[in-house]
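Enquirer: Each protein sequence line maps, in turn, to chains A and B. Per my numbering, residue 1 is the first one in the first sequence, and the count goes up by one each step. Per my numbering, residue 194 is the first one in the second sequence, and the count goes up by one each step. Built from N, CA and C at the ideal position, the CB exists for glycine as well. All of these numbers come straight from a predicted model, not from anything done at the bench.
2 protein chains.
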Amino acid sequence: MDIQSLVQHIVKIIPLDDPAVSDLAAKLALKKLRRRQYLLQEGDVCRHYNFVLSGCLRLYFVDEKGTEHALQFATENGWVADIGSLHSETPSRLSIDALEPTEILRIGKADLIDLYVKHPAFDRYFRVLTENAFIGMQQRVLQNISSTAEDRYLAFLEKYPHLVNRIPLVQIASFIGVTPEFVSKIRKNLSSK
Amino acid sequence: MDIQSLVQHIVKIIPLDDPAVSDLAAKLALKKLRRRQYLLQEGDVCRHYNFVLSGCLRLYFVDEKGTEHALQFATENGWVADIGSLHSETPSRLSIDALEPTEILRIGKADLIDLYVKHPAFDRYFRVLTENAFIGMQQRVLQNISSTAEDRYLAFLEKYPHLVNRIPLVQIASFIGVTPEFVSKIRKNLSSK
DNA sequence: CGCGACGTTGATTTGCCTCAACGATTGTGG
DNA sequence: CCACAATCGTTGAGGCAAATCAACGTCGCG
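(1) Do we get a CB-CB distance below 9 Å when we pair B:S377 with the residues of chain A?
(2) Can A:S92 and A:L40 be called in contact, C-beta distance under 9 Å?
(3) Would you list, in chain order, the members of the stretch 105 to 127 of chain A that have their beta-carbon closer than 8 Å to a beta-carbon of chain B?
(4) Using a Cβ cut-off of 9 Å (strictly closer), state whether A:L163 contacts chain B.
(5) Measure the Cβ-Cβ separation of A:S95 and B:T260 and say whether it is below 9 Å.
(6) Quick check on the DSSP output: the alpha helix (DSSP H) that includes B:V321 runs from which residue to which?
(7) What does the Cβ neighbour count give for A:T265, buried or exposed, with the cut at 16 atoms within 10 Å?
(8) Does the beta carbon of B:D256 sit closer than 9 Å to a beta carbon anywhere in chain A?
(9) With respect to the alpha helix (DSSP H) encompassing B:S215, which residues constitute its N-terminal and C-terminal limits?
(10) Check the Cβ of A:Q41 against every Cβ in chain B and list those closer than 7 Å, keeping chain order.
(11) Could you tell me whether the Cβ of B:N243 comes closer than 9 Å to any Cβ of chain A?
(12) Is it buried or exposed, A:G84, if we count other Cβ atoms within 10 angstroms and call 16 or more buried?
(13) Who are the neighbours of B:T323 on chain A, taking C-beta pairs under 7 Å?
(14) Output, in sequence order along the chain, the residues in the stretch 330 to 344 of chain B whose CB is closer than 7 Å to any CB in chain A.
(15) For A:T77, write down the residues that DSSP places opposite it in a beta bridge.
(16) So with Cβ pairs under 9 Å, would you call A:H9 a contact of chain B?
(17) Relative to the C-alpha of A:E89, which residue among A:P101, A:A98, A:C46 and A:V52 is closest?
(18) When Cβ atoms are compared, which residues of the stretch 78 to 105 of chain A fall closer than 8 Å to chain B?
(19) If contact is defined by three or more beta carbon pairs under 8 Å, each pair taking one atom from either stretch, is the stretch 343 to 356 of chain B in contact with the stretch 154 to 165 of chain A?
(20) How about A:L169: is its C-beta nearer than 9 Å to some C-beta of chain B?
(21) Measure the alpha-carbon distance for A:V141 versus B:E374 and round it to whole angstroms.
(22) Can you tell which of B:F349, B:G301, B:D210 and B:Q336 has the C-alpha that lies nearest to the C-alpha of A:S174?
(23) Apart from the five residues on each side of it in sequence, which residues of its chain come closer than 7 Å, Cβ to Cβ, to B:G301?
(24) What number of angstroms, rounded off, separates the C-alpha of B:E465 from the C-alpha of B:F266?
(25) Can you round the beta-carbon distance between B:R228 and B:A314 to whole angstroms, since I take them to be within the 8 Å contact cut?
(26) For A:D97, does the three-state DSSP call read helix, strand or coil?
(27) Which residues does DSSP list as the beta-bridge partners of A:L57?
(28) Below 8 Å CB to CB, which residues in the same chain sit around B:E296 once its five sequence neighbours on both sides are set aside?
(29) Could you name the residues of the same chain whose beta carbon sits closer than 7 Å to that of B:L350, not counting the 5 residues immediately before and after it, in chain order?
(30) 9 Å is my cut-off, CB to CB: does A:G66 come that close to chain B?
Laid out in structure tokens, this is it:
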């Protein structure tokens, strides 16, 4: 099981001693998903934190009209979960599925709490992780309430260049909060400049 | 100095032993703000985490047109800071000011790190705090990309009922991402139902 | 081959903004 | 205590950004 990339990712933020690493390794499970496979389906309780080794996952919401809205894409070395559901142990209104064949390491909630207790370093790691995610979400809220669709599209290109030619346009549209048709028109408009 | 309300707020999340409480108390400073006074001004580095004892603060962004966009309101028992600036120690693009005369307890970044090291419980407290803030931001992004202005206004009423008759309409408008005029029209429309 | 996923384009509609004007209330200095 | 300004909310006319709806082209794949 390849936990090396996960450990490398963690030690960029906090040092980890050997017991911590082996305790972590003992609690991780490898899981493989094919394209379109659910990792979390709306209505189920989210019970794991998931670390992506390869591939691409999306966390999204389906509104009452059936339209999908992407909250997050997770690629190599990214974490994803419905933290709300994970905490409250209530059914999730969000779903997670694979945009590509994907390999993840996942850890259950109880095991994570175990880790927190045994090794406070993990409290810190997930605090820093969550703070960074929070900062990102804050910037996104700002974008949404203060910019045009074109600006948000350009900001997406800049922030996630590795995703632009990897995921379909319709996913980018659902992330920045416009229709796919309109993203197409934005592109046309940009290319004619 | 009234740190009781802060301690009470913390122990709802994690138990705190006496040394932790006294170490915390030693690092807190009381500060009073009048209405309209800046706690953080755009361009300055955010150096403190702030806990509101009484009053109301707002965290907001001013765009290139001069329009203000509220990211957060913090009332009694709320925390507020520009976490991005606090972490990176770079000038903030956000501002914080007082909508009412306000009393806060604040703690500096270095002191906070001290606390983290001495008492891992604080790592956990701020992890949980940030996770909850993150969940809130995520829901807000969802609202922004999937609902109409009227839905967002109704959601605001439901989520922050204590703010509705406390802060001016223009602030609510800047929070949900529409013009004040349009919020006024939403109200008219709702009352005629 | 035929079908589903994906992207593009155009015509029309609509949600929300812009700009401008106008009361009501509050606060403040003379 | 009054006069005046500033703040706050409302209303209306007109305009624009983005949605909706519909049609069509292309590709990859069972």
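Expert: In this structure, then:
(1) no
(2) yes
(3) Y116, P120, D123, R124, F126 and R127
(4) no
(5) no
(6) That run of the alpha helix (DSSP H) goes P313 to S339.
(7) Outside the shown range of chain A (1 to 193) lies residue 265 of chain A, about which nothing can therefore be said.
(8) yes
(9) D211 to K220
(10) Those within 7 Å of A:Q41 in chain B number zero; the least Cβ separation is about 17 Å.
(11) Residue-level contact check: B:N243 does not touch chain A, since none of the beta carbons of chain A fall below 9 Å from its beta carbon.
(12) Residue burial annotation: A:G84 is buried, with at least 16 other C-beta atoms found within 10 angstroms of its C-beta.
(13) R127, T130, E131 and F134
(14) M330, Q331, R333, V334, L335, N337, I338 and S339
(15) One detail in the question is off: residue 77 of chain A reads as Asn in this sequence, not Thr. A:N77 pairs with nothing; no bridge assigned.
(16) Between A:H9 and chain B, the shortest Cβ-Cβ separation is not below 9 Å.
(17) A:C46
(18) I83, G84 and H87
(19) no
(20) Against chain B, the CB of A:L169 has no partner CB under 9 Å away; the residue lies outside that interface.
(21) 21 Å
(22) B:Q336
(23) R240 and H241
(24) The first residue shown for chain B is 194 and the last is 386, placing residue 465 of chain B beyond what the model contains.
(25) At roughly 36 Å, the Cβ-Cβ gap does not stay under 8 Å, so B:R228 and B:A314 are not in contact.
(26) strand
(27) A:A74 and A:A98
(28) L223, K224, K225, L226, V245, L246, S247 and G248
(29) V357
(30) no
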